[in-house]
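Undergrad:
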């Protein structure tokens with residue numbers, strides 16, 4: 019209990035300080051803070067949504083990129099092992115040919131077995147040192163235009179200088195990717211492997227193995243990787259050789275340019291070199307209508323809320339300005355009413371007093387709180403004139419008598435009676451309808467006293483004149 023009391027004490031002090039600070043502010047500043055605080059909260063919420071969305075999206079992209087890199091590295095290692103295995107097989111065949119261990123028939127048998135087991139190999143050809151074809155076997159998918167017949171000579175364009183490089187280095191050489199034109203305006207991408215045949219260190223020819231690059235993609239790349247990513251082969255100029263890449267600008271992501279770039283990762287294929295690259299592009303399946311829709315929905319709602327708060331703040335500010343102008347106008351009119359010496363009284367249609375000014379209260383001696391809300395007979399009517407004044411008031415309200423000035427006697431709160439002149443007229447509102455009666459009252463006690471004194475002096479003067487025996491005449495001066 020003591021600990022709770024100790025904790026509540028600072029909180030109570032802080033809350034009291036905030037309350038006092040808030041009360042010291044002007045209404046304008048209170049309205050301004052009352053709108054700016056929610057607006058700031060909405061902006062902070064929008065910033066938090068953007069940061070969270072960006073963080074989650076970048077995390078997703080990072081995981082996606084890591085997955086692409088990992089799968090590409092695995093596919094590259096798998097492809098490397100497969101190519102090295104085919105290369106070792108061809109090197110054994112070249113060694114057997116160099117040692118005269120196999121003849122042409124046995125070469126064709128072994129080539130047929132190799133092509134049958136590995137469909138990515140399009141053909142295997144035995145070429146002598148003079149570029150003449152001694153034996154060749156092509157797979158069932160190779161068109162007749164690509165067959166090589168024994169006795170034909172290789173053209174330099176068919177080998178792209180790789181044959182000469184194998185002759186000079188006496189090493190296995192991979193050619194850059196070659197585009198072979200086929201009938202029907204089709205082309206196929208091929209890669210050649212030249213395995214030199216040696217006899218006592220002398221060049222005797224090559225075993226030319228042609229790989230169908232599209233076959234490498236279909237038969238060597240693991241299917242589970244091909245289903246997760248868009249896999250393709252490209253050359254060192256990034257020209258597509260095989261595969262189907264995705265568009266770098268996704269149509270769903272065109273409204274978010276900073277997130278529309280499809281991530282891709284490419285690695286060279288060993289032991290081919292940098293002339294052949296394996297490229298993978300990530301499929302953007304998670305980002306689409308749902309991801310973008312949620313992002314834009316949250317953004318639109320936040321901006322709409324901010325716009326409504328700003329509009330409400332501007333409306334409140336205009337309303338406050340109108341209220342301030344109305345208060346100033348009311349104070350001005352109140353000052354005018356309190357400054358005039360004529361008493362003003364307003365009544366509704368039933369004769370109930372709804373307003374009196376300071377001059378009226380000063381004349382009668384009754385306060386505003388004592389008069390407002392009273393019905394006839396009013397406390398400032400003399401007792402002996404109540405019936406007369408009540409009948410006259412009812413006649414005025416009912417429109418029996420004309421709205422002209424009339425003289426009445428008014429009793430102050432201290433019992434003193436004075437003469438007053440009253441003017442009564444209809445009270446018309448802004449719509450042109452009568453809502454009551456407006457009465458102005460002027461104290462005429464002093465003018466009546468002066469008039470009575472003048473009348474008494476006149477009567478005394480007349481009496482004196484009538485009592486004189488001699489005739490008295492009045493003539494102009496100088497006559």
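Numbering (my numbering), first residue to last: 19 to 497. Note that the Cβ used here is the ideal one computed from N, Cα and C, for glycine as well. Remember, it's a predicted structure, so these values are computed and weren't measured experimentally.
Please classify residue 186 as buried or exposed, where buried requires at least 16 other C-beta atoms within 10 Å of its C-beta.
TA: For the purposes of this step, residue 186 is taken as the residue at position 168 of the chain shown. Exposed, by the Cβ-count rule.
Undergrad: Would you kindly work out how many angstroms separate the C-alpha atoms of residue 206 and residue 256, rounded to a whole number?
TA: On the chain shown, residue 206 is found 188 positions in, with the first residue counted as 1. On the chain shown, residue 256 is found 238 positions in, with the first residue counted as 1. So the alpha carbons of these two residues sit roughly 16 Å apart.
Undergrad: With 9 Å set as the bound, which would you pick, yes or no: does the beta-carbon of residue 360 sit closer than that to a beta-carbon of chain D?
TA: The displayed structure is made up of one protein chain only, and chain D is not part of it.
Undergrad: Can you have a look at residue 401 and say buried or exposed, based on whether 16 or more other CB atoms are within 10 angstroms of its CB?
TA: Locating residue 401 in the chain shown gives position 383, where the first residue counts as 1. Answer is exposed; the Cβ neighbour count stays below 16.
Undergrad: Give a yes or no on whether the C-beta atoms belonging to residue 199 and residue 247 are separated by under 9 Å.
TA: Residue 199 sits at position 181 when you count from the first residue of the chain shown. Residue 247 sits at position 229 when you count from the first residue of the chain shown. In this structure, residue 247 does not lie closer than 9 Å to residue 199 by Cβ.
Undergrad: Taking only the alpha-carbon atoms, compute the straight-line gap between residue 483 and residue 466 and give it to the nearest angstrom.
TA: Taking the first residue of the chain shown as position 1, residue 483 is located at position 465. Taking the first residue of the chain shown as position 1, residue 466 is located at position 448. Each residue's alpha carbon lies about 26 Å from the other.
Undergrad: Tell me the DSSP secondary structure of residue 404 in three-state form.
TA: Working through the chain shown from its first residue, we reach residue 404 at position 386. Residue state, collapsed to three classes: helix.
Undergrad: Where are the alpha helix (DSSP H) runs, 4 residues long or more, that stay fully inside the stretch 288-371, in chain order?
TA: 307-357, all fully within the stretch 288-371.
Undergrad: Among 233, 127, 90, 349, which one has its Cα closest to the Cα of residue 159?
TA: As a working mapping, residue 159 is identified with position 141 in the chain shown. Residue 233 is the option with its Cα nearest to residue 159.
Undergrad: Alpha carbon to alpha carbon, how far is residue 208 from residue 251? Give it in angstroms, no decimals.
TA: Taking the chain shown and counting its residues from 1, the one referred to as residue 251 is at position 233. Taking the chain shown and counting its residues from 1, the one referred to as residue 208 is at position 190. One C-alpha to the other measures close to 11 Å.
Undergrad: Note down the Cα distance separating residue 216 from residue 222, rounded to an integer number of angstroms.
TA: Taking the chain shown and counting its residues from 1, one reaches residue 216 at position 198. Taking the chain shown and counting its residues from 1, one reaches residue 222 at position 204. Distance between the alpha carbons of residue 216 and residue 222 is about 5 Å.
Undergrad: Buried or exposed, going by whether 16 or more other CB atoms sit within 10 Å of the CB of residue 181?
TA: Position 163 of the chain shown, counted from the start, is the residue given in the question as residue 181. Residue 181 comes out buried.
Undergrad: I'd like to know whether the C-beta atoms of residue 105 and residue 213 end up nearer to each other than 9 Å.
TA: Within the chain shown, residue 105 is the residue found at index 87, counting from 1. Within the chain shown, residue 213 is the residue found at index 195, counting from 1. Contact flag set, yes.
Undergrad: Tell me whether residue 432 sits in a helix, a strand or coil according to DSSP, three-state version.
TA: Start at 1 with the first residue of the chain shown, and residue 432 comes out as number 414. Of the three classes helix, strand and coil, the one that applies to residue 432 here is coil, per DSSP.
Undergrad: On the DSSP bridge list, what partners appear for residue 460?
TA: On the chain shown, residue 460 is found 442 positions in, with the first residue counted as 1. Per DSSP, 439.
Undergrad: Report the option in 462, 389, 153 whose CA atom is closest to the CA atom of residue 168.
TA: Walking along the chain shown from the start, residue 168 turns up at place 150. Comparing Cα positions, the closest option is 153.
Undergrad: If I'm right that residue 364 touches residue 473 with Cβ under 8 Å, what's the distance once you round it to whole angstroms?
TA: Here residue 364 refers to the residue found at position 346 when the chain shown is read from its first residue. Here residue 473 refers to the residue found at position 455 when the chain shown is read from its first residue. Actually they do not touch by this definition, with Cβ atoms about 36 Å apart.
Undergrad: Within the same chain, show all residues whose beta-carbon is closer than 6 Å to that of residue 67, passing over the 5 residues directly before and after it, in chain order.
TA: Residue 67 sits at position 49 when you count from the first residue of the chain shown. The answer, listed in chain order, is 316.
Undergrad: Quick one: what's got a C-beta closer than 6 Å to residue 366's C-beta in the same chain, skipping five residues either side?
TA: Taking the chain shown and counting its residues from 1, one reaches residue 366 at position 348. Excluding residues within five positions, the ones whose Cβ falls inside 6 Å are 372, 454.
Undergrad: If you draw a straight line from the alpha carbon of residue 464 to that of residue 450, how long is it in whole angstroms?
TA: Residue numbering aside, residue 464 sits at position 446 when the chain shown is read from its first letter. Residue numbering aside, residue 450 sits at position 432 when the chain shown is read from its first letter. Cα to Cα, the separation comes out at about 38 Å.
Undergrad: Contact check, residue 328 vs residue 57 under 8 Å by CB: the rounded distance?
TA: As a first step, residue 328 is located in the chain shown; it is residue number 310 there, counting from the start. As a first step, residue 57 is located in the chain shown; it is residue number 39 there, counting from the start. Rounded, the Cβ-Cβ distance is 7 Å, consistent with contact.
Undergrad: Taking 8 Å as the limit between beta carbons, can you name the residues of its chain near residue 505, skipping five residues before and five after?
TA: Only positions 19 to 497 of the chain appear in this structure, which leaves residue 505 out of reach.
Undergrad: Judging by CA-CA distance, which residue of 241, 297, 34, 30 is the nearest neighbour of residue 90?
TA: Here residue 90 corresponds to residue number 72 of the chain shown, with the count starting at 1. Selected option, being the one with the closest Cα: 297.
Undergrad: If you reduce the DSSP assignment to three classes, tell me which class residue 33 lands in.
TA: Taking the chain shown and counting its residues from 1, the one referred to as residue 33 is at position 15. Correct three-state label for residue 33: helix.
Undergrad: Roughly how many angstroms separate the alpha carbons of residue 134 and residue 157, rounded to a whole number?
TA: Counted from its first residue, the chain shown places residue 134 at position 116. Counted from its first residue, the chain shown places residue 157 at position 139. Rounded to whole angstroms, residue 134 to residue 157 spans 7 Å at the Cα level.
Undergrad: Between residue 191 and residue 103, what straight-line distance do the alpha-carbon atoms span, to the nearest angstrom?
TA: Locating residue 191 in the chain shown gives position 173, counting from the first residue. Locating residue 103 in the chain shown gives position 85, counting from the first residue. About 15 Å.
Undergrad: What are the partner residues of residue 231, as DSSP defines its beta bridges?
TA: Taking the first residue of the chain shown as position 1, residue 231 is located at position 213. Looking at the DSSP assignment, residue 231 forms no beta bridge with any residue, so it has no partner.
Undergrad: So what's residue 248 in DSSP terms, helix, strand or just coil?
TA: As a first step, residue 248 is located in the chain shown; it is residue number 230 there, counting from the start. Reduced to three states, the DSSP call for residue 248 is strand.
Undergrad: So the beta strand (DSSP E) residue 161 belongs to, where does it begin and stop?
TA: As a working note, residue 161 is residue 143 in the chain shown. Per DSSP, residue 161 belongs to no beta strand (DSSP E) and is neither H nor E.
Undergrad: Just the C-alpha distance for residue 59 and residue 74, rounded to the nearest angstrom, thanks.
TA: Within the chain shown, the letter at position 41 stands for residue 59. Within the chain shown, the letter at position 56 stands for residue 74. Residue 59 and residue 74: Cα-Cα distance of roughly 22 Å.
Undergrad: To the nearest whole angstrom, what separates the beta carbons of residue 143 and residue 211, a pair I think is in contact under 8 Å?
TA: Working through the chain shown from its first residue, we reach residue 143 at position 125. Working through the chain shown from its first residue, we reach residue 211 at position 193. That belief does not hold up - the Cβ atoms of residue 143 and residue 211 are roughly 11 Å apart, past 8 Å.
Undergrad: Need the endpoints of the alpha helix (DSSP H) that residue 382 sits in, please.
TA: Taking the first residue of the chain shown as 1, we reach residue 382 at position 364. Where residue 382 is concerned, the enclosing alpha helix (DSSP H) stretches over 376-382.
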